[in-house]
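Contents: one structure, followed by commentary.
Number of protein chains: 2
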Amino acid sequence: MKKYDISFDTFLKNFKEHVSKLGFKNSIQKDYILKNLYYSEDHLTAEDIVTYVKREYNIDVGIATVYRTMKFFEEMSIVNSLDIGDGTKRYELNLSLHHDHMICTACHKIIEFADEIIESQQILVAKENNFDLKNHVMTIYGLCENCQ
Amino acid sequence: MKKYDISFDTFLKNFKEHVSKLGFKNSIQKDYILKNLYYSEDHLTAEDIVTYVKREYNIDVGIATVYRTMKFFEEMSIVNSLDIGDGTKRYELNLSLHHDHMICTACHKIIEFADEIIESQQILVAKENNFDLKNHVMTIYGLCENCQ
DNA sequence: TTTTATGCAAACATTTTGCAGTCAC
DNA sequence: GTGACTGCAAAATGTTTGCATAAAA
């Protein structure tokens, strides 16, 4: 659904250079996990990633590697994690402009949205509290159009 | 820290009547879990609740009962749950006005805040998307004053 | 007396960790 | 060759469930 401003190849190349510069090592697992995140739908669980990478690219990745890699990607700030309330972490690429989520409590559909007023107000609130804002998550729960 | 507009005794009395009317049964476990939520700090884990109820009131409550009770309270809309990103659910009484959280990623301190502009903008965004808003969660991550 | 709630222990699901072997640089 | 990465299996963690008993209405 969502397209990014940067092509996958460019993104991957940049990322691999970045990894090298920091003294970490690249691997085909990292490459294909990233490729999968780039081209698949958002909001994948670790299990999803294992399944999809195998199905789409025929690459075997262990679930432990996925968890470790996602933690690594989060620290690199190229991935965000998301909890839709079912006790399972989901991951999405952090390449697009910041957006938030509306989650339907009936069908679990996820609607993404971005609102500039909310964004700027958050920055203001953080400043008022002498808080050094790094990231934020906003989730609206309710019923989507179909489920009302 | 936070005081509610309603006394615990009044709140408990109302709640017990409500439970009866719906055909459920009251119990001292429910009473003391509620009492603990009312008087303790916010953002307790299930484990915290077991520990505190024992310590403060010398009442034994099983962890399974806490989970079941919190689910029940959430369905009654008197409790909210909160995920601060460490994989453990935390609970707080839903008696006060809506507020959101800023969480320090270094010391895990939680700062509560309420912002009317953000609140009203959320309602607007939901409306624009034909989404029937029931609840929402907003969390800002970053560094608190002390940890910067 | 009927039905719901509780507590225990077992089950379950998700995530993390230790370790031996592999791969990148 | 060294150090980081991977995969497996085991462990750890958090949460849920089945069942017998207890308590509420």
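Protein sequences appear in the order of chains A and B. Residue numbers 40 to 187, in my numbering, belong to the letters of the first sequence in order. Residue numbers 40 to 187, in my numbering, belong to the letters of the second sequence in order. Here a beta-carbon is modelled for each residue, glycine too, at the ideal position from N, C-alpha and C. The structure presented is a predicted model; accordingly, all values stated were derived computationally and were not measured.
Residue 87/A - containing alpha helix (DSSP H), residue span
85-96
Cutoff 8 Å: residue 174/B Cβ touching any chain A Cβ:
Yes, its Cβ sits closer than 8 Å to a Cβ of chain A.
Mapping the DSSP letters down to three states, classify residue 174/B as helix, strand or coil.
strand
For residue 129/A, which of 182/A, 60/A, 167/A, 86/A has the nearest alpha-carbon?
86/A
Starting from residue 78/A, follow the beta strand (DSSP E) in both directions and report where the run begins and ends.
It is not in any beta strand (DSSP E) - residue 78/A instead sits in the alpha helix (DSSP H) that spans 67-78.
What are the boundary residues of the beta strand (DSSP E) that includes residue 130/A?
Per DSSP, the continuous beta strand (DSSP E) segment holding residue 130/A begins and ends at 128-132.
Check the Cβ-Cβ distances between residue 3/B and every residue of chain A, and say whether any is below 8 Å.
Because chain B is modelled from 40 through 187, residue 3/B falls outside the range shown and cannot be assessed.
Starting from residue 167/B and walking both ways along the alpha helix (DSSP H), at which residues does that stretch end?
Run containing residue 167/B: 155-167, per the alpha helix (DSSP H) assignment.
Taking Cβ to Cβ, would you say residue 142/A is nearer than 8 Å to residue 132/A?
Contact flag unset, no.
From the DSSP output, in three-state form, read off residue 102/A for me.
helix
Given residue 93/A, which residues of its chain have a CB within under 7 Å of its CB, disregarding the five upstream and five downstream residues?
99
Between the region 165-172 of chain A and the region 46-62 of chain B, do at least 3 Cβ pairs fall closer than 8 Å?
no
Report the rounded CA-to-CA distance for residue 151/B versus residue 161/A, giving the unit in angstroms.
13 Å
Can you give me, in chain order, the residues of the region 133-148 of chain B that have a beta carbon less than 9 Å from any beta carbon in chain A?
Only 139, 141, 143, 144 from the region 133-148 of chain B bring a Cβ to less than 9 Å from some Cβ of chain A.
Assign residue 182/B to one of three DSSP states: helix, strand, or coil.
Correct three-state label for residue 182/B: strand.
So, at 6 Å on beta carbons, what are the nonlocal neighbours of residue 183/B in its own chain, with the 5 sequence-adjacent residues on each side left out?
143, 148
Is the beta carbon of residue 175/A sitting closer than 8 Å to the one on residue 121/A?
no
Report back the beta-carbon spacing between residue 157/B and residue 157/A to the nearest angstrom; my notes put them in contact at under 8 Å.
6 Å
Which residues of chain A have a Cβ atom closer than 9 Å to the Cβ of residue 181/B, listed in chain order?
165, 170, 171, 172, 173, 174, 175
Which residues in the same chain have their Cβ closer than 6 Å to the Cβ of residue 112/A, if we skip the five residues on either side of it in sequence?
118
C-beta neighbour in chain A for residue 131/B, strict 8 Å
no
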